[in-house]
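Novice: Quick one: structure below, then a few questions.
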Ligand SMILES: Cc1cc2nc3c(=O)[nH]c(=O)nc-3n(C[C@H](O)[C@H](O)[C@H](O)COP(=O)(O)OP(=O)(O)OC[C@H]3O[C@@H](n4cnc5c(N)ncnc54)[C@H](O)[C@@H]3O)c2cc1C
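In the working numbering, the protein residues as written are 445 to 907.
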């Protein structure tokens, strides 16, 4: 089948207005938020509206032997949604129906194009919410599933894979498959829902997601603790987690990141100059409760622990300022990008290893004479480093060193952004070949002719 025939066939499936080819293609859909996307030449962009249309698209692509790449909102940070040359890009933006909010079973059933923001708005007033909170609320549920998105609340609420109960998917040959359901546990065969979560569109196309909802806790306090050293902040974390107070958010920010995000947001935290002068790092602790008096007790307890753990001082921020600080932190990526960051990486290590890992990062940065700043979900050991290294050769070696150091501290290359294209070479170089081979075989079982997101992760690469 020629490209023209494929486009005609896809137009007959979804309607002409929902297939863009050649100069009809909006260049914005050909990249995500990763910092080094290579602009591809795709066959076309297709926007299905229904599950059956996705099945028909997959059948057409299989017959033509054309690669398919799924796209949610394009907020991914590792290039996983950047299509390969010649691909059919399947954009799920029109599959954005909230199918059901089931208040009795505490689940929401959604199409993959529903964004986090829309789901959150739809749940307002229900007493329930979807607790996974990656920093970009325009991300889609389909994209969240495919990347196993995490975010600031992971320390208490977990990540996407802890909240997905069921999926409806389309396999590479157009076959439909329903997995899981509204039930919260299962010991019935291999857990294919969990296998598909985080598979970056390489095993199946997601057309429906069933997620578990949690009760809202309406009372919230945000504590800000400046520390004299980054080491003290990171060493405090295991102790705070062990108190049992259960913070919803535990974020660290180094001095430069804090200065950058507050300046970009025009946010004045009113930190006294004598404290600001000596603070080299900050910890933000968000506490939530269903009862105001319990929240006050928890805030007092955490403040006392922070003081004992070396905080220079502890401030409880006004609710509006606390919300603004969290919003500013969510935009840390854009601030780093605007300032010329060449890479954002999200190594995860055991939480007690964050301090030695960051000490090693600092040593690597000094040795390489590269500027590296950081912040991150320190409660779950996930550090986000902004790397500023214009020299391409140094950059590649440096990233490899940073990843290897994370692995040496018992961690993993990516805690939540995924492998995509950005970390593919590091993943291949640093991963046990036995695991890589198993991943290839799993890929072959789902997608024997390597049509789904090929070459976009090890799992998409033929052996
Ligand atoms: C400012 C900012 C802050 C961020 N903060 C965080 C954070 O704190 N934590 C975090 O985890 N992430 C964070 N991210 C990353 C991003 O929001 C997530 O990776 C998100 O999960 C991607 O969703 P998306 O809809 O944009 O997916 P896309 O970027 O469009 O795609 C991501 C992957 O999902 C696949 N995919 C999309 N839809 C489907 C489908 N229906 N079926 C199969 N595969 C599909 C794509 O092929 C691709 O492999 C941040 C991003 C930004 C820009």
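Positions of the beta carbon are idealized from the N, C-alpha and C atoms, including for glycine.
(1) Can you tell me whether residue 778 is helix, strand or coil according to DSSP?
(2) Under the three-state reduction of DSSP, which class applies to residue 821: helix, strand or coil?
(3) Look up residue 606 in the DSSP assignment and give the residues it is bridged to.
(4) Say yes only if the C-beta of residue 596 is nearer than 7 Å to one or more non-hydrogen atoms of ligand 1, and no if none qualify.
(5) Quickly, what does DSSP pair residue 828 with across the bridge? List them, please.
(6) Any contact of the stretch 710-726 with the stretch 852-862, i.e. 3+ C-beta pairs under 8 Å?
(7) Classify residue 695 as helix, strand or coil using the three-state DSSP reduction.
(8) Hey, how far is the Cα of residue 673 from the Cα of residue 825?
(9) Return the Cβ separation of residue 788 and residue 560 in integer angstroms, given the expectation that the two are a contact with Cβ distance under 8 Å.
(10) I'd like to check one pair, residue 615 with residue 623: are the Cβ atoms closer than 8 Å?
(11) Reducing DSSP to helix, strand and coil, say where residue 800 ends up.
(12) Taking 7 Å as the limit between beta carbons, can you name the residues of its chain near residue 447, skipping five residues before and five after?
(13) For residue 464 and residue 490, I'd like the C-alpha separation in whole angstroms.
(14) For a minimum of 3 consecutive residues, which ranges assigned as the beta strand (DSSP E) are wholly contained in the stretch 536-573?
(15) Can you name, in chain order, every residue of its own chain whose Cβ lies under 8 Å from the Cβ of residue 792, other than the five neighbours on each side?
(16) For the beta strand (DSSP E) containing residue 712, list its first residue and its last residue.
(17) Excluding the five sequence neighbours on either side, which residues of its own chain have a C-beta within less than 7 Å of the C-beta of residue 732, listed in chain order?
(18) What is the C-beta distance between residue 725 and residue 698, in whole angstroms, given that I count them as a contact (C-beta under 8 Å)?
(19) Do the CB positions of residue 609 and residue 627 come within less than 8 Å of each other?
(20) Report all residues from its chain with a CB closer than 6 Å to the CB of residue 904; omit the five preceding and five following residues, and keep chain order.
(21) For the putative contact between residue 755 and residue 670, defined by C-beta atoms under 8 Å, what is the C-beta separation to the nearest angstrom?
(22) In this structure, what does DSSP give as the bridge partners for residue 725?
(23) Based on the DSSP output, what are the partners of residue 844 in its beta bridges?
(24) How about the stretch 512-529 and the stretch 564-573: do they share at least three Cβ pairs that are nearer than 8 Å?
(25) Tell me whether the beta-carbon of residue 667 lies closer than 8 Å to the beta-carbon of residue 711.
(26) Going by C-alpha distance, which of 833, 795, 822 is nearest residue 810?
(27) Run through the DSSP bridge pairs and tell me what residue 659 is partnered with.
Specialist: To lay it out plainly:
(1) In the chain shown, residue 778 corresponds to position 334, counting from 1. In this structure, residue 778 counts as helix in the three-state DSSP scheme.
(2) Position 377 of the chain shown holds residue 821. In this structure, residue 821 counts as strand in the three-state DSSP scheme.
(3) Along the chain shown, read from residue 1 onward, the residue named residue 606 stands at position 162. Residue 606 pairs with nothing; no bridge assigned.
(4) Within the chain shown, numbered from 1, the residue matching residue 596 stands at position 152. Flag set: Cβ of residue 596 near ligand 1.
(5) Residue mapping note: residue 828 aligns to position 384 of the chain shown, counting from 1. In the DSSP output, where bridge partners are listed per residue, residue 828 has 819.
(6) no
(7) By one-based count along the chain shown, residue 695 stands at place 251. Looking at residue 695 - three-state DSSP - the assignment turns out to be strand.
(8) Translated into positions along the chain shown, residue 673 becomes position 229. Translated into positions along the chain shown, residue 825 becomes position 381. Residue 673 and residue 825: Cα-Cα distance of roughly 17 Å.
(9) As a working mapping, residue 788 is identified with position 344 in the chain shown. As a working mapping, residue 560 is identified with position 116 in the chain shown. Contact between residue 788 and residue 560 does not hold, since their C-beta atoms are separated by about 20 Å, which reaches or exceeds 8 Å.
(10) Within the chain shown, residue 623 is the residue found at index 179, counting from 1. Within the chain shown, residue 615 is the residue found at index 171, counting from 1. No, the Cβ-Cβ distance between residue 623 and residue 615 is not below 8 Å.
(11) By 1-based counting over the chain shown, the position of residue 800 is 356. Correct three-state label for residue 800: helix.
(12) Translated into the one-based positions of the chain shown, residue 447 becomes position 3. Counting only residues of its own chain and dropping the five nearest sequence neighbours on each side, residue 447 has a CB closer than 7 Å to the CB of 487.
(13) To locate residue 464, count along the chain shown from 1; it is residue 20. To locate residue 490, count along the chain shown from 1; it is residue 46. Taking the straight line from one Cα to the other gives about 7 Å.
(14) 542-546, 551-554
(15) Looking up residue 792 in the chain shown gives position 348. Closer than 8 Å at the Cβ level, and outside the excluded window around residue 792, lie 824, 825, 826, 827, 850, 855, 856, 858, 859, 860.
(16) If you number the chain shown from 1, residue 712 lands on position 268. Looking at the DSSP string, residue 712 is not in any beta strand (DSSP E), and its letter there is neither H nor E.
(17) Taking the chain shown and counting its residues from 1, the one referred to as residue 732 is at position 288. Taken in chain order, the residues that qualify are 661, 663, 664, 692.
(18) Counting from one through the chain shown, the residue named residue 725 turns up at place 281. Counting from one through the chain shown, the residue named residue 698 turns up at place 254. Right, the Cβ-Cβ distance comes to about 5 Å (below 8 Å), so this counts as a contact.
(19) Counting from one through the chain shown, the residue named residue 609 turns up at place 165. Counting from one through the chain shown, the residue named residue 627 turns up at place 183. Yes; because the gap between Cβ atoms is below 8 Å, this pair is in contact.
(20) Numbered from 1 along the chain shown, position 460 holds the residue referred to as residue 904. Its pLDDT being 46, under 50, residue 904 is placed unreliably in this model, and the coordinates cannot settle the point.
(21) Position 311 of the chain shown holds residue 755. Position 226 of the chain shown holds residue 670. Indeed they touch by this definition, with Cβ atoms about 7 Å apart.
(22) Taking the first residue of the chain shown as position 1, residue 725 is located at position 281. Answer is 671, 698, bridged to residue 725.
(23) As a working mapping, residue 844 is identified with position 400 in the chain shown. For residue 844, which the question treats as bridged, DSSP gives no partner whatsoever.
(24) no
(25) Translated into the one-based positions of the chain shown, residue 667 becomes position 223. Translated into the one-based positions of the chain shown, residue 711 becomes position 267. Their beta carbons are not under 8 Å apart, which means residue 667 does not touch residue 711 by this criterion.
(26) Within the chain shown, the letter at position 366 stands for residue 810. When each option's Cα is compared against that of residue 810, the closest is 833.
(27) Start at 1 with the first residue of the chain shown, and residue 659 comes out as number 215. Answer is 572, bridged to residue 659.
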